[in-house]
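**Student:** Chains A and B supply the protein sequences, listed in that same order.
Heads up: the first sequence begins at 64 in the numbering used here, then just goes up one per residue.
Heads up: the second sequence begins at 64 in the numbering used here, then just goes up one per residue.
Positions of the beta carbon are idealized from the N, C-alpha and C atoms, including for glycine.
Since the structure is predicted, the reported quantities are computational estimates derived from the model, not experimental observations.
There are 2 protein chains.
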Amino acid sequence: MRETDFVSGFARGLKVIEAFGETTPRLAIADVAKATGLDRATARRCLLTLAELGYADYDGKFFVLTPKILRLGHAYLSATPLPHIVQPFLDKLAEEVHQSASASVLDGTEVVYIARASQKRVMSINLMPGSRLPAYCASMGRVLLAAMPDGESLALLKQSNLKPFTPRTLTDPVRLMEELVRVRQQGFAVIDQELELGLCSIAVPLENDRGRVVAAINIGAPAASVPAAEMAERYLEPLKGVARLLKSLLR
Amino acid sequence: MRETDFVSGFARGLKVIEAFGETTPRLAIADVAKATGLDRATARRCLLTLAELGYADYDGKFFVLTPKILRLGHAYLSATPLPHIVQPFLDKLAEEVHQSASASVLDGTEVVYIARASQKRVMSINLMPGSRLPAYCASMGRVLLAAMPDGESLALLKQSNLKPFTPRTLTDPVRLMEELVRVRQQGFAVIDQELELGLCSIAVPLENDRGRVVAAINIGAPAASVPAAEMAERYLEPLKGVARLLKSLLR
DNA sequence: TGACCTTTGTTCATATATCGCACATATTGT
DNA sequence: ACAATATGTGCGATATATGAACAAAGGTCA
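Here you go:
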């Protein structure tokens, strides 16, 4: 790609949108400039553009994103077949096992939820399509990492910020790679309170009709009611069943 | 705002993202140019920028959005308090009444789902945060329209493409305005299969601590199991209860 | 098959718009 | 009231959009 085939104004604007996050819902011009590394004048122009287009509100001091910004992500969710195809299966699955079921794909070092059927809340964090979790300590992340060549998964682990969310979180790349080998062999991953105390989950890969892993699905359950050791026993077959049914539907 | 405080390259890029939709997941350069009204050369530059940044994939012919694009909408969902605050209440509500519960806000002529607890699927369409429905024929839309001054709601109705989704869909602006008056008086809206045959829903407004309507919540149910006439009887109190609890939590 | 037409993608020169700096002004906190 | 921090603005240097021209691919029909 040539230099001139890149619209840096657009790229800068996207950076500005991403500057808004969980802990930073309201941003002043200078905040955005700092967060994005853009010049203040540039950040200001991008923010004013967002406001002008209705993607943000501006009270003269702070900018806040408006729901219109959801159109952008929705363009993906509605345009991509995968979430639509998977959702009804998750609904059925969640109802059957009385636990939350989700589907996700990998984006860099994170898993991105693309569909979810929540039963009752077991996590403190609120997951919805678009939500992200670090791949290395999420069951779907393990499955997705295990599906790629060792070189790539190792590279992603190295890029990851491997921090211990709980005392049980695996953070050693070597042990993680060993775990990935095991996950690949057994065809599923179980996470025992590595992300949040009290939460266990189990995930299996979703293959398309040509055998390529295109996503993962999981079931999460409170550790109190379902010990990690029982996760596979209870939920592996239901998950595998869904994966089998979906195999021919995905490409 | 001055002329130069607008980054048109950014605005054009956002237009390009929005060109992708339910029926148009894979777009060639010319498609995007047509859909956005941009010059082919410009559309190409925006698309290549998206691809370069990892927001889109390009196979030499078609562009497809990647899950990375969800970061943009997620910036809103995670940054905005409303969805987070409302979600647990919806979960509880959905579990209680064994039906799906949702929350939405208005964006132009559409309601945008910002949170949802789905019980079982009753609609053919798949709703998730970011999903949109025309306000005029959705229960939450009615409630949100009813909360604004007549002039504004009428203006929005006039902007809407009032098409009959089912034989029961109200499409006459005059009758819709009458309905809005009723909704405002009674404090809730019931939709009887106006959007999809077999689907009823009931919505109430969500007020913040100062009495301003900031969102709406609803419960949807299959018409077969819950006739429209029973919707209020069964679900109005649970909905009102949630609205009451939330009132002091919202600003 | 091959000539013609249509549609699509790419390139280029140039007019135009944006960037980032430096300065001016406003707001905030002490 | 002052310092510190944040926001607004003018301008030269730089980057981008435009639209036409070209190239390439695909389709149609004799």
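Using a beta-carbon distance below 9 Å, is residue 241(A) in contact with chain B?
**Tutor:** Output row for residue 241(A): interface = no.
**Student:** Pairing CB atoms from the stretch 231-251 of chain A with CB atoms from the stretch 195-211 of chain A, are three or more of them under 8 Å?
**Tutor:** The stretch 231-251 of chain A, when compared against the stretch 195-211 of chain A, does touch it at the 8 Å Cβ threshold.
**Student:** Quick check: is the beta carbon of residue 249(A) nearer than 9 Å to any beta carbon in chain B?
**Tutor:** No, because no Cβ of chain B sits closer than 9 Å to the Cβ of residue 249(A).
**Student:** Tell me where the beta strand (DSSP E) around residue 283(A) begins and ends.
**Tutor:** 276-285 is the extent of the beta strand (DSSP E) around residue 283(A).
**Student:** Indicate whether residue 203(B) and residue 163(B) have their beta-carbon atoms separated by less than 9 Å.
**Tutor:** Not in contact: residue 203(B) and residue 163(B) (Cβ atoms no closer than 9 Å).
**Student:** Whole angstroms is fine: what's the gap from residue 116(B)'s alpha carbon to residue 77(A)'s?
**Tutor:** Rounded to the nearest angstrom, the two C-alpha atoms are 10 Å apart.
**Student:** Using a threshold of 9 Å, state whether the C-beta atoms of residue 89(A) and residue 125(A) are closer than that.
**Tutor:** A contact, by the Cβ cut-off of 9 Å.
**Student:** I'd like to confirm the pairing. Which residues does DSSP put opposite residue 263(B) in its beta bridges?
**Tutor:** Answer is 255(B), 284(B), bridged to residue 263(B).
**Student:** Based on DSSP bridge pairs, tell me the residues matched to residue 121(A).
**Tutor:** Residue 121(A) is bridged to 126(A).
**Student:** What does DSSP give as the partner residues of residue 102(B) in its beta bridges?
**Tutor:** Per DSSP, none; premise fails for residue 102(B).
**Student:** Considering only the beta carbon of each residue, do residue 278(B) and residue 83(A) sit closer than 9 Å?
**Tutor:** Not in contact: residue 278(B) and residue 83(A) (Cβ atoms no closer than 9 Å).
**Student:** Identify every residue that forms a DSSP beta bridge with residue 179(B).
**Tutor:** In DSSP, residue 179(B) forms a bridge with 165(B).
**Student:** With a threshold of 16 other CB atoms inside 10 Å of the CB of residue 272(A), please say whether the residue is buried or exposed.
**Tutor:** The residue is exposed, with fewer than 16 neighbouring Cβ atoms inside 10 Å.
**Student:** Short of 6 Å in beta carbon distance, which residues of its chain neighbour residue 254(A), apart from the five on each side in sequence? Order them along the chain.
**Tutor:** So the list reads 202, 264, once near-sequence residues are dropped.
**Student:** Determine, for residue 195(B), whether the minimum Cβ-Cβ distance to residues of chain A falls below 9 Å.
**Tutor:** For residue 195(B), the answer is yes, since a Cβ of chain A falls inside 9 Å of its Cβ.
**Student:** Among all the DSSP beta bridges, which residues are the ones paired with residue 87(B)?
**Tutor:** Paired residues: 84(B).
**Student:** Select from the stretch 125-136 of chain B all residues with a C-beta closer than 9 Å to any C-beta belonging to chain A, and list them in chain order.
**Tutor:** Taking 9 Å as the Cβ-Cβ cut-off against chain A, the residues of the stretch 125-136 of chain B that qualify are 127, 128, 129, 130, 131, 132, 133, 134, 135, 136.
**Student:** Going by other Cβ atoms of all chains shown within 10 Å of its Cβ, with 16 needed for buried, is residue 122(A) buried or exposed?
**Tutor:** Result: exposed.
**Student:** With distance defined between alpha-carbon atoms, name the residue in 275(A), 136(A), 182(A) nearest to residue 193(A).
**Tutor:** Nearest C-alpha to residue 193(A): 136(A).
**Student:** Can you pull the chain B neighbours of residue 181(A), defined as C-beta to C-beta under 8 Å?
**Tutor:** Going along chain B in sequence order, the residues near residue 181(A) (Cβ under 8 Å) are 154, 180, 181.
**Student:** Which term fits residue 112(B), buried or exposed, when burial requires 16 or more other beta carbons within 10 angstroms of its beta carbon?
**Tutor:** Buried, since its Cβ has 16 or more Cβ neighbours within 10 Å.
**Student:** Short of 6 Å in beta carbon distance, which residues of its chain neighbour residue 174(A), apart from the five on each side in sequence? Order them along the chain.
**Tutor:** Answer for residue 174(A): 167, 196, 198, 201, 203, 204, listed in chain order.
**Student:** The beta strand (DSSP E) with residue 195(B) in it runs from where to where?
**Tutor:** Counting along the chain, the beta strand (DSSP E) containing residue 195(B) begins and ends at 195-197.
**Student:** Tell me which residues share the same chain as residue 217(A) and place their Cβ nearer than 8 Å to its Cβ, disregarding the 5 neighbours each side in the sequence.
**Tutor:** The residues are 236, 240.
**Student:** To which residues of the same chain is residue 146(B) closer than 8 Å at the C-beta, ignoring the five residues directly before and after it?
**Tutor:** Cβ within range, chain order: 140, 166, 177, 178, 192.
**Student:** In the DSSP assignment, find the unbroken alpha helix (DSSP H) run with residue 295(B) in it and report its ends.
**Tutor:** Per DSSP, residue 295(B) belongs to the alpha helix (DSSP H) from 291-310.
**Student:** If we cut at 9 Å on Cβ distances, does residue 123(A) have a partner in chain B?
**Tutor:** Chain B, which has no Cβ nearer than 9 Å to the Cβ of residue 123(A), makes this no.
**Student:** Hey, how far is the Cα of residue 80(B) from the Cα of residue 138(A)?
**Tutor:** Going by the C-alpha atoms only, they are around 7 Å apart.
**Student:** Establish whether the CB of residue 170(B) and some CB of chain A are separated by less than 9 Å.
**Tutor:** With 9 Å as the cut-off, residue 170(B) counts as an interface residue toward chain A.
**Student:** Do the CB positions of residue 119(B) and residue 133(B) come within less than 9 Å of each other?
**Tutor:** Not a contact, by the Cβ cut-off of 9 Å.
**Student:** Quick one: using the 10 Å Cβ neighbour count with 16 as the cut-off for buried, is residue 215(B) buried or exposed?
**Tutor:** Per the 10 Å Cβ criterion, exposed.
**Student:** Taking DSSP's pairing of strands, which residues face residue 173(A) in a bridge?
**Tutor:** In the DSSP output, where bridge partners are listed per residue, residue 173(A) has 170(A), 197(A).
**Student:** Are residue 282(A) and residue 127(A) closer than 9 Å when you measure CB to CB?
**Tutor:** Not closer than 9 Å, so no.
**Student:** Which of the three DSSP states, helix, strand or coil, is assigned to residue 230(B)?
**Tutor:** Residue 230(B): coil per DSSP, three-state reduction.
**Student:** Can you tell me which of 303(B), 73(B), 144(B), 223(B) puts its alpha carbon nearest to the alpha carbon of residue 86(A)?
**Tutor:** Looking at the Cα atoms, 144(B) is the closest of the given residues.
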